[in-house]
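Note sheet for the following structure.
Residue numbers (the numbering used here): 2 to 177.
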């Protein structure tokens with residue numbers, strides 16, 4: 002056989018597997034539906050012959066158990082989300098503080114009268130590479146957008162726009 006024939010046979014095999022899998026899924030779904038129908042009709046017959054006050058007590062007890070399980074699972078999910086949020090929040094605060102430290106160091110160097118390359122802290126390029134990845138992961142959408150706008154304005158000579166955007170970035174960080 003030629004290699005093309007083997008590829009065709011392999012493709013047929015995959016297509017056949019998908020078809021069989023789909024048919025099995027449909028049969029399983031139908032069987033589950035029929036089983037649910039049988040269960041519901043059996044329960045309806047059982048409850049039809051029960052004393053109404055006993056039936057009401059059973060329904061109330063079932064509703065209590067179901068609602069308790071639902072509320073417990075909801076509380077567990079909320080606690081898990083809260084723990085994840087708190088862990089994320091701590092890391093986010095560290096990232097924002099790193100940025101604030103660098104910016105304050107830039108302002109301090111400018112106020113001390115340093116000029117040119119002396120104004121920039123050591124490893125500022127490496128800091129911004131690392132900070133950019135951290136801000137994308139930990140920052141809110143507003144912080145990421147404002148940071149992106151500020152970085153884009155850094156290439157422009159409009160210093161007032163840059164200062165306005167850095168102020169907006171600080172406000173977004175604070176809101177976050």
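Note that beta-carbon positions come from the ideal geometry of N, C-alpha and C, so glycine has one too. The structure presented is a predicted model; accordingly, all values stated were derived computationally and were not measured.
Judged by pairs of C-beta atoms under 8 Å, the stretch 127 to 142 touches the stretch 90 to 105, as three or more such pairs exist. Taking a contact to require three or more Cβ pairs closer than 8 Å, the stretch 56 to 73 and the stretch 83 to 95 do not qualify as touching.
Residue 108 sits exposed, since fewer than 16 C-beta atoms from the chains shown fall within 10 Å of its C-beta. The beta carbon of residue 166 sits closer than 7 Å to those of 147, 150, 151, 154, all from its chain and outside the five residues before and after it, given in chain order. The alpha carbon of residue 110 has as its nearest neighbour, out of 37, 169, 123, the alpha carbon of 123. Inclusion of residue 177 and residue 141 in the CB contact set at 8 Å is warranted, their separation being smaller than that value. The DSSP-derived three-state label of residue 110 is helix. For a cut-off of 8 Å, the C-beta gap from residue 96 to residue 38 is around 56 Å, too long to register as a contact. Here the alpha carbon of residue 57 sits roughly 38 Å from the alpha carbon of residue 83. About 6 Å separates the beta carbons of residue 144 and residue 174, which is inside the 8 Å limit, making them a contact pair. Residue nearest to residue 132 within the set 14, 78, 99 is 99 (criterion: CA-CA distance). In the three-state reduction of the DSSP assignment, residue 166 falls in the helix class, which pools H, G and I. Using a 10 angstroms sphere on the CB of residue 161, the tally of other CB atoms stays under 16, which defines it as exposed. Between the C-alpha atoms of residue 172 and residue 24 there is a straight-line separation of about 57 Å.
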